[in-house]
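The structure appears below as structure tokens.
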Amino acid sequence: MANDSKFTNQKFKLVGTRVMRPDGVDKVTGRARYGADASAPGQLVGAILRSPHAHATIRKIDTQKAEKLKGVKAVITSADLPDFTGGEGELYNVLENCMARGRALYDGHAVAAVAAVDAETARRALKLIKVDYKVLPHVTDVDLAIKPGAPVVQPGVKTKDKKAAPTNVANVTTYGHGDVEAGFGKADVIIEKSYKTEQVHQGYIEPHACLASVGPDGHGELWVTTQGPFAYRNWCATLLGMEMSQLKVTSSEIGGGFGGKTHVWIEPIALALSRKANRPVKLVMSREEVFRASGPTSPTSIDVRLGATRDGRIVAADAAMRYGNGAFPGIWGEVGAMAAWACYDIENVRSVGYEVLLNRPKVAAYRAPSAPMAAFAVESTVTLMAEALGMDPVEFRLKNAAREGTRASYGPTYGPIGIVPTLEAVKKHPHMRARLGKNQGRGVACGFWFNFGGQTCADLIIDVDGTVGLSVGTVDVGGARASLSLIAAEELGIPYEEVRCNIADTASLGHNDMTDGSRGTFSSGMATIFAARDAIEQLRVRAAKAWGIDVKNVSWKDGKAIAKGKRKSLTLKEIAEASPNTGGPISGHSQVVADGAGVSFASHICDVEVDPETGGTKVVRYTVVQDAGKAVHPDYVEGQFQGGAAQGIGWALNEEYVYGKDGRLQNPGFLDYRIPVCSDLPFIDTQILEIPNPNHPYGIRGVGETSIVPPLAAIANAVSDAAGVRMTHVPMSPPRVLAAIKASRAEKAPTG
Amino acid sequence: MPEVRLFGGLRDAVDGAESVRVEGATIRELLQSLGREYPRIRERIGQGIAVSIDGVIYRDNWDQPIPEGAEVGLLLRIAGG
Amino acid sequence: MKGIAVSTTVNGDAVEFVCDARETLLDVLRNHLGLTGAKEGCGTGDCGACSVLLDGQLVCSCLVLGAEVEGREIETVEGMADGDRLHPLQKRFLEHAALQCGVCTPGFLVAAKALLERNSNPSESEIRYALAGNLCRCTGYDKIVHAVHAAAGDLRRQQKARKKRKAAG
Amino acid sequence: MAGEKGKAYLLAGGTDLLVRMRGDFIDPDLIVDIKRIPGIQEIRKTASGFSIGAGVPCAMLGRDKALASAWPGVVEAAQLIGSDQIQGRCTMVGNLCNASPAADSVPALVAAKAKAVVVGPGGRRRVPVEDVVTGPGRTSLKKGDIVVAIELQKRPPKSGDAYLRFTPRTEMDIAVCSAGVSLTLGAGNVVKQARVALGAVAPTVVLVPKAARALVGTRLEDDALMKLAAACEAACSPIADKRGTVEFRTEVAGVMARRAAVMAYDRARGKR
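This is the structure:
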């Protein structure tokens, strides 16, 4: 029972209620401490010098003048860091990305860093560092990068054949099954279309920030805004040659991550500066640095081919998906290829992912990474097919949707899944019957994300007053403390208010994987249940001791130990109060590999209004329907749905990295990188479906990521309905929409 | 002997085969046999993979038993946001 | 550059500090006065996370020089609650789950307070436009708008009760 | 200030100056805060119209009922600059002297025939607003010159102005292109006088007399509006950048001008 993760279908008393979050008061009074909010005695201010070139050889870095400036305590370049050249690939990539070694690979690539007594001195010191660059040709566009003769970003990278010439295609991977060409042979209608999406950033409001302190004894501490304190600890220690146990990483409150805080950027640099200066160093990225030099998601170029029979059955599907990885090889095209056709039951299906290197920052995960672009291409084509067949787009999707027993395009056979129920809910939703005004249109799209679990550890302490402290190692990105406290209280049978959830540092709890892949509530929820069950075992033992009976005859119900057959019971509080003399402290512990995360599906409905004279698009109505497995705290589940949809809306309409001909980022700020503002959005309606995950005791599935997958396509389908033009390039910014409207008018106009 | 279906870049390590048959009552045993018979796959396994057994994906739990006749697949260990 | 000595009022308390001529009010609040409630999200006035009231006027503290606030009155998120009683906006933000990561929350609270001080009964659209200078990346703004709307009602009721008491007394 | 050897900058609202300092585009040796100059934060009603001090934050313009009803287009334009937070600090004079082709208040001021009051080593003079900016980031002001106020004339009866800009977001954005229109009507609501100015479509804000002529003598019939748009498009010489293409800016400038003209016309007729 203790570590059985099977769904039990129990009735809940607390899980599913909308309680107040325990960290709330701190967050509305300004007391909560984020990455940049901590200080240490004697602290220095760190700053990083960055390449103004997209691609350049660094011939020489002269730091002498900077070192001599009064108040400068340390200056470092790659020469001060370990050299992993020729060693383990990913170590080399990560450190090289933190600090360029010999070559600057993108605009914003770090080349040197300083620590000084104050920000002004650090700023002046950076100006005194002279870097001798030899500018090299660069490439920032996915389609241009794969053309013969394109500048090569990483001369060491070769696709497959090690003898071949270097190329910007770092890897090619194929997913699917059946005979795709034979499938197209059976199709009555075939639709082929090419799509493009521009690079976007997670846009968390809190820039990367940390406070690092390393002494000459090799001990270190790092306070940092991160989705993964353990992963950051392991990376930093490995990169800097420290022992993991000697480096304690504490995650601050995190001001948004969305995948962007799963990778180290400034942290190894701050630690190296601190080690050299033997003083604490605070290093905070400016917003400009965040855009130029953290980890946005891939720009893509995708070709889709879809074949169906006249009766509305998809018989073949094929996609070629080129994903920009930035200057270092990654897995983003492969993830896109895996996700592309996951919503559908298709006999003959293929997707090929290409990892394309560019002179852009190293790509990091962004909420369901790679899936939104794939869904944009696939779901736009699916709607085109429905139109070509004269079928309702929801009915067409229902007819072809994956079900329990469907073999997913990425391999496994699905268990119970939620795509059909989300589509049925869409069909019934009042939104589908809302009247559309002039220049308005409606679009529907589906989305999928894998979700995963991973290594997880939790501690649960029963204090002598009967209240409970829960320590977890996943971070609270938006209500996790509340959800996990609810789960602990539910399992123990005590009031929610009597549980306090704490985010542990790396020295106080066993390893926890990062808070990514929508795993926070799923995994730490599972670990919390097991830790609570572990504590209950001990509570029963203590009660048995008090009664002088065998523990087998003690059961646990509603926060009480109950003796078999007798009308005797002890509350958790009573057992806790007696604990000093019944064996000492009581605590529960659990360490699990939380596998079996249930896949997640969503269907979105979107209404837009397009101004035909300016190409401006306004979202007028938006509805998210998604399967949550079990919504532990419905407010924060809705919040995830709404937040993901809003990010998707920004991506679909206005957000994009604009690189100039010089390879420099033109819009590294919130003024010209346009994330949606409050007045850009309508209320976002949500409908939570609960199709239990059979592999979680409470039926929980991750909910964080899937909501960003459908919006690009839902909006593209809506814009197409409103303006009568098919948009194949995201963002659908006003210039692109207006140009498409004009082109379509010119096409339709009678000639002569 | 379970049939293991391979996806994505993993096929390159088994000369392009879509599936192979190897011994293994647990994920650990299965990966060990795979590494013995197809040495090129070891590096790939080291970089991180996931194993699906009857549709459930396992990333780290190598003790997981593989039931008789189970559908087994080897795929990329994905990253998330 | 030599330090500039400034005397000012923050959340009702007289404070003095010495700052560099380039330092912003945000730098001063965070680094000299230990008030880290206002956050730096951009440093260019585009995100509103550093919002404070300067003589009652909503401003981005990253766009005000520390040296400019001599003799002025500054109000930050730290001054919003009345002792141990949360401001209705703070309460409603919690009840409506209007925050996820919470880093933009101090700015939203200050901006919403400025709005409700000049418009006690704003429409949805008025709320949305008044908060357009505050970026939130987590919530899609939905629950924030609801929370501000609810807090506006609370404040109106408070106002009414106060008037009634006055009339009775 | 004229005596300062290094780089000296004037600080009014600071919403541009501090951003440029932060981005390391400028590194001032001297910053002079003008807000404490007596009268500089006042809106005065004068015999000839209005005088708006250089330190008046844009948020204050809307609170001045007389100004807002005489020059609704100018006030709206100034109030489109940034968020409420920015409004509390930014000034029209700062917006003008920052010399961005996309400055929101400038097309409206040019359409309104506003004048800048300049005080400098050479004394006090009045300069038409359209003559202040000579190119992106460049002005005709000499070292030591300070623009202390903007002057707007009294409105003849049956007059109205309007300003519209195109931005991808509803707020917090920079004009991709924009248009200010000011009209005075005669008998039978026929346009007697008109001024049309465009923003973000050339190195400076451009006054388009041909567009104004397309409106004079009309009641803004469709034909007149099409001529107006065509004249505006012809006057555009924009750049393509992160904010918009040449084609887009040119075409949408005409659209903005048409829509602004209709708004100004309705206002002049007393229709809100």
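Residue numbers (the numbering used here), protein chains in the order written: chain U, 1 to 752; chain Z, 1 to 81; chain V, 1 to 169; chain R, 1 to 272. Note that CB positions come from ideal geometry on N, CA and C, so glycine has one too.
Asked: Three-state secondary structure (DSSP) of Leu109(R); Found: helix
Asked: Residues near Asn325(U) in its chain [Cβ-Cβ closer than 8 Å; skip 5 each side]; Found: Ala170, Ser298, Trp332, Gly333, Glu355, Val356, Leu357, Leu358, Lys362 and Val363
Asked: Ala70(R) to Arg155(R) span [Cα, whole Å]; Found: 6 Å
Asked: Pro67(Z) versus Pro416(U) - alpha carbon distance; Found: 20 Å
Asked: Where the beta strand (DSSP E) containing Glu151(R) begins and where it ends; Found: Ile146 to Gln153
Asked: Cutoff 8 Å: Pro369(U) Cβ touching any chain Z Cβ; Found: yes
Asked: Classification of Met1(U) by the beta-carbon crowding that lies within 10 angstroms, buried from 16 upward; Found: In this predicted model, Met1(U) has a pLDDT of only 47, less than 50, meaning its place in the structure is not dependable enough to derive any value.
Asked: Reduced DSSP secondary structure (H/G/I, E/B, other) of Met1(U); Found: Because Met1(U) carries a pLDDT of 47, less than 50, the predicted location of this residue cannot be relied on, and the following value inherits that uncertainty. Note: Met1(U) maps to coil in three-state DSSP.
Asked: Assumed close pair Ser707(U), Val632(U) - CB separation to whole angstroms, cut-off 8 Å; Found: About 16 Å; that fails the 8 Å criterion.
Asked: Under 7 Å by beta carbon: chain U residues contacting Thr105(V); Found: Lys27 and Val28
Asked: Boundaries of the beta strand (DSSP E) in which Thr617(U) is found, first to last residue; Found: Thr617 to Asp627
Asked: Alpha carbon of Ala212(U) to alpha carbon of Val18(V), nearest angstrom; Found: 27 Å
Asked: Within 7 Å of chain V by C-beta, residues of the region 83 to 111 of chain R in sequence order; Found: Ser83, Asp84, Gln85, Ile86, Gly88 and Arg89
Asked: Residue from Val117(U), Gly255(U) and Ala272(U) whose Cα sits closest to the Cα of Ile82(U); Found: In the sequence as presented, Ile is not what sits at residue 82(U); that position holds Pro. Measuring from the Cα of Pro82(U), the nearest candidate turns out to be Ala272(U).
Asked: With 16 other Cβ atoms within 10 Å as the buried cut-off, status of Ser7(V); Found: exposed
Asked: Cutoff 8 Å: Phe184(U) Cβ touching any chain V Cβ; Found: no
Asked: Selection of the region 679 to 699 of chain U by Cβ proximity to chain V, strictly under 7 Å; Found: Ser679, Leu681, Phe683 and Ile684
Asked: Under 8 Å between C-beta atoms of Asp33(R) and Lys7(R); Found: no
Asked: Minimum C-alpha distance to Asn31(V) - residue among Met514(U), Ala40(U) and Asp143(U); Found: Ala40(U)
Asked: Selection of the region 42 to 53 of chain V by Cβ proximity to chain R, strictly under 8 Å; Found: Gly43, Thr44, Gly45, Asp46, Gly48 and Ser51
Asked: C-beta contact flag for His431(U) and Asp680(U) at 8 Å; Found: no
Asked: For Thr174(U), three-class secondary structure by DSSP; Found: strand
Asked: Whether Pro238(R) touches Val201(R) by CB criterion (8 Å); Found: yes
Asked: Within chain U, the residues that Asp173(R) reaches when beta carbons sit closer than 8 Å; Found: Leu671 and Arg674
Asked: Closest Cα partner of Met60(R) within the set Ile37(R), Arg89(R), Pro136(R) and Gly39(R); Found: Arg89(R)
Asked: Closer than 9 Å at the beta carbon, the chain R residues around Gly133(V); Found: Gly82, Ser83, Asp84, Gln85, Ile86, Gln87, Glu171 and Met172
Asked: Delimiting residues of the alpha helix (DSSP H) encompassing Arg433(U); Found: Counting along the chain, Arg433(U) falls outside any alpha helix (DSSP H), and DSSP gives it neither H nor E.
Asked: Gln538(U) - DSSP class collapsed to helix/strand/coil; Found: helix
Asked: Within chain R, the residues that Leu738(U) reaches when beta carbons sit closer than 8 Å; Found: Phe248, Glu251 and Val252
Asked: C-beta contact flag for Lys166(V) and Ala98(V) at 8 Å; Found: no
Asked: Partner residues on chain R for Ser733(U), Cβ-Cβ distance less than 8 Å; Found: Pro168
Asked: Distance CB(Gly46(U))-CB(Ala125(U)) smaller than 8 Å; Found: no
Asked: Chain V contact for Ile715(U) (CB, 8 Å cutoff); Found: no
Asked: Test: Val56(Z) CB closer than 8 Å to a CB of chain U; Found: yes
Asked: Three CB pairs or more closer than 8 Å across the region 130 to 146 of chain U and the region 261 to 269 of chain U; Found: no
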